[in-house]
Amino acid sequence: MDSVFSTCQNCKNQFTIEPDDFAFYKKMEVPPPTFCPDCRLQRRLARRNEYSFHKRKCDLCGKDIISMYPKKTGFPVYCRGCWYSDRWDGPDYGKDYDFSRSFFEQFKELQGRVPRVALQVDNCVNCEYANQIANCKNCYLISSGSDNEDSMYSFRILNSKSVLDGFIILRGEDCYESIEILESSYLKFSENCAGSTGLSFCFDARGSQDCFMASNIWNRKHVFRNEKCTKEEYWEKMKSIDTGSHENVVAYLKEFSEMRRRALHKYAYTKNVKNAVGNTLSYSKDCYRCFNGADLENCRYCLFVNEAKDSMDINNGCCVMEMNYEVSTMGVKASNIKLSSEAWPEVRNLTYCDTCRNGSHDLFGCVGMRKKEYCILNKQYSKEEYEELVPRIIKQMEEVSYTDKKGRRYVYGEFFPAELSPFPYNETPAYDYFPLSKEDAIDQGYIWVDVESSSHQITVLPENLPDHINEVDDSILKEIIGCGHKGECRDRCTSAFRIVSDELQFYRRMNLPLPRLCPNCRYYARFRTRNPIQLWHRQCMNPGCPNEFETSYSPEREETVYCESCYNAEVV
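Count the sequence shown with our numbering and you get residues 882 to 1453, in order.
Below is the structure:
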């Protein structure tokens, strides 16, 4: 089959459905999508909350809890203990399927009745303010990670210890304000580094040690402002560097930004890949438009996915997954999951399901099920009844379609409509990658919650904080610090924040100044330094090189972008 051009019924832009896409849709027994890849991703990301926290009560036991859901929701929210208890059961909320009404209308009603778990936190100790994590200890305000210890204010860190303000770090230790880090330690304000230690303000480092303000350094030691030094020269120069001063750090960051701009940039950051198009990929083959993934095979349109095979349109998944389509958040031996969200662990054959867990299989249109099988809208059926009903419902979904207020038509094969998201749009990753104003989000069918400014009285303004960490005493732990953005940005600014004891000890040990922005504003500052999850067709900028490629660097950007062979010749 040839490529087909289609018009997205959401953004109205044209998109291409490739022959490989059609082959996959046939295998999964779903029709081709009517939304373009970007709009499909936006719709899925709107069903995930990673780092918004609210104080509320458990709707079963009544105790005070921390939740990813605000107080006013249309469904009950249970603490983890209650949600996993035997005090309720998913089939208690089951209903007969009504063939005179649309599927999505009935699913929306079910979703409004079934309890939801307050936070997605598994096997963790002392991690009250964290979400989408597992096997962590003593962590505070981290999200989307596992097997971490003593870390704070970080996103997607794995197997790491003592990481603060980190963004995508695997096996890191003693890292601060660092992005895209692999197997490295004692890093400050660094980006895209692997197998390195003792780096400050460094970009694109591999196997390097003790460097300051350096870029494109592979297997290097004692590089100071991109000049190679002897060990003695390096440490003599470092005597003039003091990262404990806020004023100094501001100047260093300005210098770092300019150095990063002038550095050579490889068209895509990949390792051990074959026939893979995207960015930040490793140990993968036959992938198209995949970002931040590892151990992928025959995957397309995936974001933050590891260990997956034969899957398309997946975000936030890992750990032995196969044959999945249009899923937001899944993993741990999940297979044949379609058009669903929060599907894990060891689940299979789920369609249009939300938060179905722990070995559940053969479910259609279910919410909040654990260890269940052969259910439709949470109602239990025999295997024979289930297998007879599901094809009838799929056929009925085409005949009795769901149309939202924007006129978008939803039949079998479309992911959940916007208005079925359980989260406010501005508290989901969709807001990060596809920012909308409050008015536009509501117009699109999403819900919105206004950011609550801190109810605490600010006791010290950021401009009045001590410049140097050596000037900070323990009394700072009692202060309410005003955020430098004053709630006037679009970064979900909380207007005020506090310093906690472990955090202060980290700053002292690493010689770092107190931050001047709240954690949310710091997160968005890191987020904006990363390349978009978009691709442009370009030619290598090395004069005379004819190589062309797909890259996340747009043509209007200032960086010098090389193909792999030219980059390797210059840097490696």
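Positions of the beta carbon are idealized from the N, C-alpha and C atoms, including for glycine.
Check	Outcome
G1365 versus K1359: straight-line alpha-carbon distance, rounded	19 Å
Sequence-distant residues of its chain with Cβ nearer than 8 Å to Y1434 (five each side left out)	H1146, Y1148, N1412, W1417, R1419, E1440 and V1442
Member of N1428, S1126, F1297 and G1159 whose CA lies at the smallest distance from the CA of Y1150	G1159
Whole-angstrom distance between K1042 and M1391, CA atom to CA atom	14 Å
Straight-line Cα distance separating E1054 from R1373	28 Å
Contacts around C1256, its chain only, beta-carbon distance under 6 Å, and the 5 residues preceding and following it disregarded	L1244 and C1247
Residue from L1080, D902 and P1347 whose Cα sits closest to the Cα of L1168	Reading off the sequence shown, one finds Cys at residue 1168, where the question assumed Leu. When only C-alpha atoms are compared, the closest one is D902.
Segment contact, 8 Å Cβ cut-off, at least three pairs: the segment 943 to 952 with the segment 978 to 993	no
Cross-strand partners of S1222 (DSSP beta bridge)	S1209 and D1235
7 Å Cβ shell around F1378 - same chain, five flanking residues per side excluded	I1362, C1364, C1399 and P1400
Reference N1197; option with closest CA among M1140, C1447, S1025 and Y1206	S1025
Three or more C-beta pairs below 8 Å linking the segment 994 to 1001 and the segment 1031 to 1039	no
Given E1352 as reference, the closest of A1175, E1333 and L1385 once Cα atoms are compared	L1385
Start and end residues, alpha helix (DSSP H) containing R937	R937 -> not in any alpha helix (DSSP H); beta strand (DSSP E) instead, spanning H935 to K938.
Through-space distance from C1180 to P914, alpha-carbon basis	16 Å
Assigned secondary structure, V995 (DSSP; H/G/I helix, E/B strand, else coil)	coil
Limits of the alpha helix (DSSP H) - the one that Y1388 falls within	S1382 to M1391
Stretch-stretch touch, CB-based, cutoff 8 Å, three pairs: the segment 1096 to 1104 with the segment 1068 to 1086	yes
Inter-residue spacing [alpha-carbon to alpha-carbon] between D823 and S1027	Residue 823 cannot be examined here, being either before or after the span of the chain that is shown, 882 to 1453.
P1303 vs D1235 beta-carbon contact at 9 Å	yes
Under 9 Å between C-beta atoms of S1192 and N1205	yes
Same chain, Cβ closer than 7 Å to K1319, neighbours up to 5 away in sequence not counted	W1329
According to DSSP, residues forming a beta bridge with I1060	F1048 and E1072
Simplified DSSP state of K1112, which is helix, strand or coil	helix
Chain-order list of residues whose beta-carbon lies under 8 Å from that of Y1267 (same chain, five-residue window excluded)	D1243, F1245, Y1255, C1256 and I1257
At least 3 beta-carbon pairs within less than 8 Å: the segment 1306 to 1315 vs the segment 1338 to 1350	no
Beta-carbon proximity of Y1233 to S1221, cut-off 9 Å	yes
Residue range of the unbroken alpha helix (DSSP H) whose run includes G943	Careful: G943 lies outside any alpha helix (DSSP H) and carries neither H nor E.
C-alpha gap between R924 and G962, whole angstroms	30 Å
Rounded separation between S1209 and R1290 - CA only	21 Å
Closest residue to C1426 among E1108, C1447 and R1438 (Cα-Cα distance)	C1447
Helix, strand or coil at M1202 according to DSSP, with G and I counted as helix	strand
Proximity of L1022 and S1035 at Cβ, strictly below 9 Å	yes
Own chain residues within Cβ distance below 6 Å of Y932, not counting five before or after	S1024
Coil, strand or helix - C1402 by DSSP	helix
Residues near C1020 by beta carbon distance below 6 Å, same chain, minus five either side	C1008, A1011, N1029 and S1032
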